[in-house]
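Protein chains: 2
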Amino acid sequence: MTLQQIAVTSRSSETRLRILAATRSLLAMKGRRGTTTREIADEAGVNEATLFRQFGNKDALIDACVEHYCSTVELEELLASLDGDLERDLVRIAAALVQRMENVRDLIVMSLIEEESQGSVGEAAWRAPTAIKKIVAEHMAKRIAAGELAGNPLFLARFFMGMIFSYVMGRKRFPEEYAADPIAVIEFQVGMFLNGARKR
Amino acid sequence: MTLQQIAVTSRSSETRLRILAATRSLLAMKGRRGTTTREIADEAGVNEATLFRQFGNKDALIDACVEHYCSTVELEELLASLDGDLERDLVRIAAALVQRMENVRDLIVMSLIEEESQGSVGEAAWRAPTAIKKIVAEHMAKRIAAGELAGNPLFLARFFMGMIFSYVMGRKRFPEEYAADPIAVIEFQVGMFLNGARKR
DNA sequence: GGTCAGTGCAAGTACTTACTTGCATAACGC
DNA sequence: GCGTTATGCAAGTAAGTACTTGCACTGACC
Numbered sequence: 001m002t003l004q005q006i007a008v009t010s011r012s013s014e015t016r017l018r019i020l021a022a023t024r025s026l027l028a029m030k031g032r033r034g035t036t037t038r039e040i041a042d043e044a045g046v047n048e049a050t051l052f053r054q055f056g057n058k059d060a061l062i063d064a065c066v067e068h069y070c071s072t073v074e075l076e077e078l079l080a081s082l083d084g085d086l087e088r089d090l091v092r093i094a095a096a097l098v099q100r101m102e103n104v105r106d107l108i109v110m111s112l113i114e115e116e117s118q119g120s121v122g123e124a125a126w127r128a129p130t131a132i133k134k135i136v137a138e139h140m141a142k143r144i145a146a147g148e149l150a151g152n153p154l155f156l157a158r159f160f161m162g163m164i165f166s167y168v169m170g171r172k173r174f175p176e177e178y179a180a181d182p183i184a185v186i187e188f189q190v191g192m193f194l195n196g197a198r199k200r
Numbered sequence: 001m002t003l004q005q006i007a008v009t010s011r012s013s014e015t016r017l018r019i020l021a022a023t024r025s026l027l028a029m030k031g032r033r034g035t036t037t038r039e040i041a042d043e044a045g046v047n048e049a050t051l052f053r054q055f056g057n058k059d060a061l062i063d064a065c066v067e068h069y070c071s072t073v074e075l076e077e078l079l080a081s082l083d084g085d086l087e088r089d090l091v092r093i094a095a096a097l098v099q100r101m102e103n104v105r106d107l108i109v110m111s112l113i114e115e116e117s118q119g120s121v122g123e124a125a126w127r128a129p130t131a132i133k134k135i136v137a138e139h140m141a142k143r144i145a146a147g148e149l150a151g152n153p154l155f156l157a158r159f160f161m162g163m164i165f166s167y168v169m170g171r172k173r174f175p176e177e178y179a180a181d182p183i184a185v186i187e188f189q190v191g192m193f194l195n196g197a198r199k200r
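Quick note, the sequences are listed as chains P and Y, same order. For the first sequence, the tail end lands on 200 under this note's numbering, and the numbers increase by one without skipping. For the second sequence, the tail end lands on 200 under this note's numbering, and the numbers increase by one without skipping.
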């Protein structure tokens with residue numbers, strides 16, 4: 001690869017990013033079929049032909065978009081931030097989960113539509129959340145072993161994840177109801193969860 | 001209206017039902033834009049022209065479909081089935097919520113897509129669930145007043161609803177994970193909720 | 001038997017949309 | 001200045017899609 005090619009690639013990769021961003025936002029609003037390539041090009045401030053020259057066709061573009069925004073997340077920092085205090089740890093995990101889920105919220109919704117759930121969206125959208133869910137399950141298992149919590153670690157993890165999931169979706173669909181401080185809501189939810197699962 | 005018209009109407013109303021059913025199932029799979037009138041007609045075993053003669057245009061058809069499947073639910077029998085036992089009542093409410101939400105699950109998902117949430121789907125899909133949510137909130141208020149539960153009735157109702165919501169969605173998206181007996185899951189969830197909210 | 005609404009059928013219209021293509025131009029490294 | 005590469009522009013193609021229309025048929029009612 002010559003120096004020229006490198007420079008050229010960097011120019012083109014910038015337009016690629018703009019196209020991906022436009023695709024993403026339109027996809028969230030209108031869905032796969034509702035989004036037209038012309039709209040994407042306009043939103044990205046790019047000619048429609050450029051879009052096809054870069055990605056080949058619409059499907060490949062959407063695949064690239066999904067992959068780009070669902071790249072595997074580094075979760076080491078999350079794990080590193082846990083300090084052993086049950087409630088504090090769960091709040092931190094919940095906060096991370098809320099953040100990652102909101103990042104790909106629209107893609108998650110798309111993955112719930114039957115047609116999309118078989119495509120690339122279905123798997124990719126849940127990558128970060130399921131990774132965190134695994135962490136949660138392991139955490140639960142430890143705490144159960146330590147006698148702090150009671151129940152099945154997988155069930156608890158699912159419950160925990162569902163709690164966050166419904167919060168993220170609720171905030172999107174009913175913003176006026178969920179106007180409260182997110183931290184406070186997270187703490188309330190974790191509190192409910194902890195009371196519910198704590199061994200008594 | 002002559003007797004002939006009545007008979008005719010009953011014939012046409014049967015085809016209307018078939019069209020509505022077809023619309024619904026395709027809508028769930030492919031979304032508003034992804035569903036074509038030709039597909040609907042084929043699925044309903046009806047000529048495409050009939051579809052337009054009956055409903056005028058595609059939008060009106062979809063509106064009619066949504067309205068038809070989101071008709072207000074009679075909740076008296078639910079209220080009547082409550083007997084004052086906190087846990088048993090909550091299980092019954094949860095079961096009703098699961099059932100109604102699953103009935104309109106696809107429409108609920110559609111209502112989460114930005115474009116649809118302004119249309120007729122957005123409001124109609126949540127009719128039954130919000131009606132039940134109101135019941136839940138009143139129930140919670142009573143139990144809080146009675147000193148059995150602690151917290152804000154609205155928050156509790158939201159939490160309760162979110163719990164069920166995530167279960168219904170989870171069952172759709174990850175059927176293998178949620179293969180367990182629904183009743184058992186509901187009881188588990190209600191148990192978690194109760195422990196979480198119970199005054200201590 | 002005659003009437004009439006509801007439907008099937010086939011063809012057609014107007015529009016959108018994914019995708020292409022040929023050419024001019026701008027950016028960049030040499 | 002020169003070649004290469006990415007892009008803009010404009011026009012076009014092929015397919016799909018919402019919706020229409022005219023005609024023939026059926027089946028219930030009078």
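Beta carbons: idealized from backbone N, C-alpha and C, even for Gly. Bear in mind the structure is a predicted one, so any value in this text is a computation, not a measurement.
A128 (chain Y) is a Cβ neighbour of V104 (chain Y), given a cutoff of 8 angstroms. Within the region 26-48 of chain Y, those residues whose Cβ lies closer than 7 angstroms to any Cβ of chain P are, in chain order, A28, M29, K30, G31, R33, G34.
Apart from sequence neighbours up to five positions away, the residues of its chain that approach D83 (chain P) with a beta-carbon distance below 8 angstroms are D89, ordered along the chain. If you check each beta-carbon in the region 45-73 of chain P against every beta-carbon of chain Y, none falls closer than 9 angstroms. The alpha-carbon separation between A150 (chain P) and A146 (chain Y) amounts to approximately 28 angstroms. Close to chain Y, meaning a Cβ-Cβ distance shorter than 9 angstroms, are the following residues of the region 158-179 of chain P: R158, F159, M161, G162, M163, I164, F165, S166, Y167, M169, G170, K172, R173, F174, E177, Y178.
Using beta-carbon distances, N103 (chain Y) does not count as an interface residue toward chain P, since no partner is under 8 angstroms. Restricting attention to alpha helix (DSSP H) runs no shorter than 4 residues, the region 47-76 of chain Y encloses them at 48-55, 58-69, ordered along the chain. Taking a C-beta distance under 8 angstroms as the contact criterion, G162 (chain Y) and G170 (chain P) qualify as a contact pair. Residue nearest to F155 (chain Y) within the set Y:L51, Y:K133, Y:V121, Y:A64 is Y:K133 (criterion: CA-CA distance).
Short of 8 angstroms from the beta carbon of L51 (chain Y), and not among the five residues preceding or following it, lie these beta carbons of its own chain, in chain order: I19, T37, I40, A41, A44, L61. Within the region 113-135 of chain P, I113, E114, E115, E116, S117, G122, W126 place their CB atoms closer than 9 angstroms to a CB of chain Y, listed in sequence order. Around the beta carbon of S120 (chain P), 16 or more other beta carbons lie within 10 angstroms, which makes this residue buried. Bridge partners of L90 (chain Y) according to DSSP: none are assigned. The three-state reading of DSSP puts L149 (chain P) in strand, counting E and B together.
For M192 (chain P), the closest Cβ of chain Y is nearer than 8 angstroms. Chain Y places no beta carbon closer than 8 angstroms to that of A80 (chain P), leaving this residue out of the contacts.
Contacts between A197 (chain Y) and chain P, judged by CB atoms closer than 9 angstroms, involve M192, N195, G196 in chain order. For A131 (chain Y), the closest of Y:Q118, Y:R158, Y:E115 by C-alpha to C-alpha distance is Y:R158. E74 (chain P) counts as exposed, since fewer than 16 other beta carbons sit within 10 angstroms of its beta carbon.
Contact between I93 (chain Y) and M101 (chain Y) fails: their C-beta atoms lie close to 12 angstroms from each other, not under 8 angstroms. Of the candidates P:L17, P:V98, P:A184, P:K58, the residue whose Cα lies closest to the Cα of K172 (chain P) is P:V98. Here D85 (chain P) is exposed: its Cβ has fewer than 16 other Cβ atoms, across all protein chains shown, within 10 Å. Within chain P, the residues whose beta carbon sits less than 8 angstroms from that of Q189 (chain Y) are F159, listed in sequence order. For Q118 (chain Y), there is no enclosing alpha helix (DSSP H), as DSSP marks it with neither H nor E.
Using a CB distance cut-off of 8 angstroms, V98 (chain P) does not count as an interface residue toward chain Y. In the DSSP annotation of this structure, the continuous segment of the alpha helix (DSSP H) that includes P182 (chain Y) starts and ends at 182-197. Under the 8 angstroms criterion on CB atoms, S13 (chain Y) is classed as non-interfacial with respect to chain P.
Counting along the chain, T35 (chain Y) sits inside no alpha helix (DSSP H), nor does DSSP assign it H or E at all.
When DSSP states are grouped into helix, strand and coil, F174 (chain Y) belongs to the coil group.
Taking a C-beta distance under 8 angstroms as the contact criterion, G196 (chain P) and N195 (chain Y) qualify as a contact pair. If you draw a straight line from the Cα of E76 (chain Y) to the Cα of F188 (chain P), it is about 32 angstroms long. Secondary structure of A179 (chain P) (DSSP, three-state): coil.
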